[in-house]
Structures are given as C-alpha cells and as structure tokens.
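One structure is given below, encoded as structure tokens.
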Amino acid sequence: MIPDETVEQVREAADIVQIIGDYVNLKKTGTDYRGPCPFHQGKNRNFSVTPRKKIYYCFVCHEGGDVFHFLQKKLGVQWPEAVKIVGEKSGIEVKEIDTRREGPDPREPLWEINATATAFFQRLLWDDKAAAPARDYLAKREISRETADRFSLGFAPIDRAMLRDHLTALGFDERRMVDSGLFVKPEEENSEIRPRFRGRLIIPIFDVLGRNVGFGGRVLDNGEPKYLNSPETAIFGKGKLLYGLNWAKNSIRKDERVLVVEGFFDVIRLMAAGVESVVAPMGTALTDAQAGILKKYTRNAYLLYDSDQAGLKATFRSGDELLSQGMTVSVVTLPDGEDPDSYVSSHGAKGLEDQLAKSIDVFERKIQILDRAGWLS
Ligand SMILES: [Zn+2]
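Start counting the sequence shown at 47; every next residue gets the next number (the numbering used here).
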C-alpha cells in the first residue's frame, strides 16, 4: 500500500493544471482553466479545472474528481498507479510499503504515548479535585465541556509521579516517555525523569492528519511561562505545524481563505462559534514553513493579531512570509482591547465576518501605521 502521508504529499505537490493539461487543451478563465471534455468528447470548453481546490469537473457529463481520479479514468489505471504517475510528474517518490514486512511507522510509538497521555489528562481535568483551577479557567473563558472534549483539553497533575506511574502500568518505558517530550531527563546522573507539564491546562496538538504530536500547557496561576509547548521531538516541530489545521483544512479549501490567529484559545473559540477556517502558529509570527503549508490550501489569508506593538510586529512578519508565498494578505483590526476570542464571544460569528469584510490589505495597514506615527506628514 501507499502510505496516506505520501498520497497527501503527492496531492499537495501536484500541479493539476499541468497534469490534466497534458491531455486537455486548457485555457485560463478567471481563476479556473477550461477546455473540451476528454470524457464525453466535447467540443466546447465545458470541462473545468480548479487549481485552488485541486479538482476538475465537466458541466455536461458531470465527470469530476481529483488528479488521481482523472488519470484513472483517462488512462484506465488503478489508483496506486495513478498516484505513482502523479508522484513522478511532481517530483515525489512514491513507494508502496508491504505492511506485513515493514511493520508500523517508526513514529507510531510516540503518537501512541501522546494519545495515552491525552486520555489521562482529559480524565483528570473533569475528575480530579486538583484540576478545579483548570475547570474554573475554562468556565471563565466560556468554554463548554463539549468544546473542551472536542479539542481533547486536559489537565496535567502537579504530582510528579501520577503520569509516570500510569504510563508505566500500561507498559511504556522511560525512554519513550522522554523521547515524547512528556518527560525531562535531568542531566545529573541517576536522577529520576520528571514531567514537563505540571499543574497546567493541557492543549493536545495534532498534525494535519490528526495524530497527537505534542502539547501546549497553559499555566493556571501567575507562573511563567504562560504557555509551555512540547520540545522539538521526532514528531513535533512547532515551526512546521499549525494548530487547528487538522480540523480546519477542509473549511479552508471550501471557504477559500484562512484566518491566522495568535493562540490556541482563539482557534478553539472561533471554531466553537462556527468559524472553522482558522489556525494558529505556535510562536507569535508565521514561519516560512508554515506559510508554505497554508499556500497549499488557499491563496487568501486574514491576519487577526492583537493591535499592540508585539501584535503588529507579528502581523507584518507573518504578512511578509505569506506574501513571499504569493498569497493575498489582509489585516483585520479589531476594536481596542478585543482579541478574536473575546470578539466572537460578544459579537458572534456574524460580527467577526463583518470585521473580515472591513479588513484591509497588509500594505495599506503598514501605511496606516506609519501615517498615524507621523511618518508621512
Ligand atoms: Zn464531459
């Protein structure tokens, strides 16, 4: 079989216009490409290819699908063969793996321990007396149990032994606990491993395919840092992941836009309010890798950062990364003192959409800032 991840990679890398263009004489029409349909032998340009959605469709015979489906129909090949052909044309090597011989993905042990820890943290959040501050925090932010469960929110105990004992009882060894980033091995020899997250509200982080690759932990008192993330591991690289993308990806394609917000809770609150095409980088500004990922889903980005100094900096840095990917970047400026989370809770999804409609181009926003600072007068 071909691993799902490879299929996804090939799909992302494929230039559907170029590949179908080898068989159909396509001409650009607006954002689509049109040509005579090869399936009903049409003469008129009723066959359309939409690169942004990576699909084709014939308005006469209603034949449609993705690039793999096109080659299956056109060349009469089986699906794995179609994936290989597209891979070859897109510079991605497609290897079929023999699942019996090669065994599971070597990263599976880490996804597994993370998922096990998530279930443990989730149970504690609702059952443990010590998790009361975490429950209070969620209540204060108006995050319901249902929403918390949807995002698998949990609580990491203050106690140093609970998680380790739980994982040990399930057969996980110390090496895996440390490799997952859930535990830290102190440098001093013979010292015990200790949990990275203690007394924090836990936000599990998933990759685009929904695998539990890491965690964010929010402090519940005045401790520092306010947010602590998993360290870089074999499965977690925070500059290469976008929080929320596993849930948002289909909506981003459908809505033909992505909203970039600052934090975990902006994503959670917006999604809970029904605004699904939203992601958050796990630093303040987007990295070039993250911008590159977003470009595969849409060309339109809306930046919703705070209007303070740090927020503006992040806005312009993110904007530059997105622009260098050829994306259209708009900046949404919420009223003073509001962030996406608070705004959607007081004005609803409709109110937020109104703000998006009032957004301005990132260049305009720069000029506005310079003007207000007196640079242009
Ligand atoms: Zn047709």
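In this text, a Cβ means the ideal position worked out from N, Cα and C, and glycines have one as well. Please read these numbers as outputs of a predicted model, since none were measured by experiment.
Nearest residue (CA-CA) to residue i, options the options
i	options	result
residue 240	103, 303 and 221	221
residue 92	99, 110 and 100	110
residue 371	383, 407 and 334	334
residue 95	236, 74 and 292	74
residue 264	275, 321, 255 and 254	275
residue 211	238, 185, 198 and 197	238
residue 186	287, 266, 332 and 160	266
residue 152	184, 64, 76 and 281	281
residue 332	368, 255 and 417	368
residue 100	77, 106 and 206	77
residue 378	62, 122, 314 and 307	307
residue 341	209, 365, 357 and 350	365
residue 339	67, 159, 253 and 315	253
residue 403	242, 347 and 415	347
residue 388	421, 328 and 309	309
residue 188	319, 229, 349 and 360	319
residue 67	417, 59 and 79	79
residue 90	70, 296 and 97	70
Near ligand 1: residue i beta-carbon under 6 Å from a heavy atom
i	result
residue 85	yes
residue 70	no
residue 109	yes
residue 95	no
residue 106	yes
Outcome for residue i when other beta-carbon atoms lying within 10 angstroms are tallied against a minimum of 16
i	result
residue 128	buried
residue 258	buried
residue 143	exposed
residue 401	buried
residue 195	exposed
residue 303	buried
residue 206	exposed
residue 328	buried
residue 232	exposed
residue 204	exposed
Legend entry - Ordered list of alpha helix (DSSP H) runs contained in the stretch 47-107, each at least 4 residues: 50-59 and 62-67
Legend entry - 4 or more residues per run - each alpha helix (DSSP H) lying fully within the stretch 288-323: 291-301 and 310-318
Inset, instruction - Please list the segments of the alpha helix (DSSP H) lying wholly inside the stretch 116-180, counting only runs of 4 or more residues, in order along the chain. - result: 125-136, 145-148 and 154-173
Inset, instruction - Identify every run of the alpha helix (DSSP H) within the stretch 208-270, keeping only runs that are complete inside it and at least 4 residues long; order them along the chain. - result: 208-215 and 220-225
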